[in-house]
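Numbering (our numbering), first residue to last: 46 to 381. Please read the structure below before turning to the comments.
Below is the structure:
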């Protein structure tokens with residue numbers, strides 16, 4: 046019998062439903078991860094279970110209801126479709142399984158599916174183009190926790206990042222050009238999920254000093270901010286933009302500690318003051334439409350932009366199940 050290669054696709058996760066109990070359950074699992082809220086475990090327990098989950102869940106549930114469709118959570122159904130398409134693209138020598146870092150389908154259940162196959166190797170492919178300890182690092186840690194209990198452990202190949210993969214950049218650019226043909230934009234924003242500055246400094250004390258993130262090299266290849274800058278640089282090049290034409294920013298901050306800057310909301314206000322009235326915005330740290338793209342960028346930031354005097358705000362959708370995105374993942378697998 047010919048042994049196959051297992052492919053574990055992993056995204057962040059989604060509540061099982063937009064109900065308050067399911068959202069509270071999701072928030073608790075997500076925020077109790079020591080790589081997400083990297084503080085003393087006792088402090089994290091009381092913060093999450095005593096403050097964040099009880100008080101944030103009702104508000105988040107309301108937002109999830111806005112996001113939810115007849116097919117459920119976009120992050121989940123796009124993930125399932127993507128896994129099926131990648132399976133077809135790779136062929137019978139591979140077995141593709143989808144897992145979520147938090148909630149369902151869990152990484153453990155996705156790995157169990159592969160464990161029941163004749164697998165010689167598992168390629169772990171997180172659906173995060175840029176590496177961060179709170180995302181890719183957490184996925185790798187959970188995979189090792191699960192697989193370490195198996196009697197027979199296959200070879201594991203961990204993909205850490207692909208911030209400037211040519212096909213991925215080309216896919217984002219193709220999606221953006223569709224809107225550029227329909228409207229004239231006077232500025233472009235590349236907005237990424239934010240992280241507390243302390244998490245970057247834990248990985249490298251030199252980070253966020255003396256423009257260290259502005260040059261992408263082997264030395265800082267796993268620096269999240271440097272990877273975001275490199276993604277933006279390559280995407281701007283593909284779109285024919287000059288440096289003055291675009292801004293890089295970071296969204297979704299939580300709490301009072303400083304996060305990576307500049308913040309997206311502050312960037313929007315600055316651009317409107319400078320007279321930028323027509324903006325096309327990309328979300329290159331998200332490969333599937335989700336709360337942070339559809340609601341936060343597509344609706345909340347649009348409302349802020351218009352309140353401040355902007356005229357036309359257009360968000361470019363995520364890669365979702367675009368054929369070139371499927372080809373990107375296939376190429377990553379074949380070169381792993």
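Heads up, the beta-carbon is just placed ideally off N, CA and C, and yes, glycines get one too. Every value quoted in this text rests on a predicted model; they were computed, and no experiment measured them.
Neighbourhood of residue i by C-beta, 6 Å cutoff - its chain only, sequence neighbours within 5 removed
i	result
residue 213	373
residue 103	65
residue 347	358
residue 63	106, 109, 110 and 113
residue 338	328, 331 and 363
residue 257	251
Spatial neighbours of residue i in its chain, beta-carbon cut-off 7 Å, leaving aside the 5 residues before and after
i	result
residue 224	325, 359 and 361
residue 111	340
residue 171	55, 180, 181, 184 and 204
residue 242	253, 303, 304 and 305
residue 323	228, 229, 230, 231, 356 and 357
residue 159	51, 53, 140, 142 and 167
residue 67	60 and 61
residue 130	366 and 371
residue 269	175, 176, 177, 240 and 245
residue 262	none
residue 191	152, 153 and 156
residue 94	73
residue 293	235, 273, 274 and 277
residue 321	231 and 232
residue 101	72
Strand pairing of residue i, partner residues [DSSP]
i	result
residue 145	56 and 151
residue 323	357
residue 171	55
residue 49	164
residue 292	234
8 Å contact criterion, which residue i and residue j should meet: CB distance rounded
i	j	result
residue 177	residue 279	About 19 Å; that fails the 8 Å criterion.
residue 381	residue 168	5 Å
residue 291	residue 350	With a Cβ gap of about 16 Å, residue 291 and residue 350 do not count as contacting.
residue 51	residue 162	7 Å
residue 173	residue 239	14 Å between Cβ atoms; not a contact.
residue 216	residue 370	5 Å
residue 314	residue 353	6 Å
residue 73	residue 98	5 Å
residue 363	residue 328	6 Å
residue 164	residue 49	6 Å
residue 127	residue 366	5 Å
residue 335	residue 119	6 Å
residue 89	residue 96	That belief does not hold up - the Cβ atoms of residue 89 and residue 96 are roughly 11 Å apart, past 8 Å.
residue 71	residue 148	5 Å
Endpoints, the beta strand (DSSP E) within which residue i is located
i	result
residue 445	The chain is shown only over 46 to 381; residue 445 falls outside these bounds and no answer can be derived.
residue 336	Where residue 336 is concerned, there is no enclosing beta strand (DSSP E), given that its DSSP letter is neither H nor E.
residue 306	Where residue 306 is concerned, there is no enclosing beta strand (DSSP E), given that its DSSP letter is neither H nor E.
For residue i, the first and last residue of its enclosing alpha helix (DSSP H)
i	result
residue 183	183-192
residue 331	Careful: residue 331 lies outside any alpha helix (DSSP H) and carries neither H nor E.
residue 65	65-76
residue 220	211-227
Same chain, Cβ closer than 8 Å to residue i, neighbours up to 5 away in sequence not counted
i	result
residue 124	54, 56, 143, 145, 172 and 333
residue 284	218, 221, 222, 225 and 233
residue 150	143 and 144
residue 300	241
residue 207	174, 213, 373 and 377
Near the ligand NAD: residue i beta-carbon under 8 Å from a heavy atom
i	result
residue 165	By its list of ligands, the structure shown contains no ligand whatsoever, and the ligand NAD lies outside what it can speak to.
**Study point:** Within the stretch 347-375, ranges of the beta strand (DSSP E) (whole runs, at least 3 residues)
**Key:** 357-360
Exercise for review: Taking only runs that begin and end inside the stretch 230-285, name each unbroken alpha helix (DSSP H) of 4 or more residues, in chain order.
Suggested key: 242-248 and 269-284
Check your understanding: Which ranges does the beta strand (DSSP E) cover as unbroken runs of at least 3 residues, wholly within the stretch 86-152, from first to last along the chain?
Key -> 139-147
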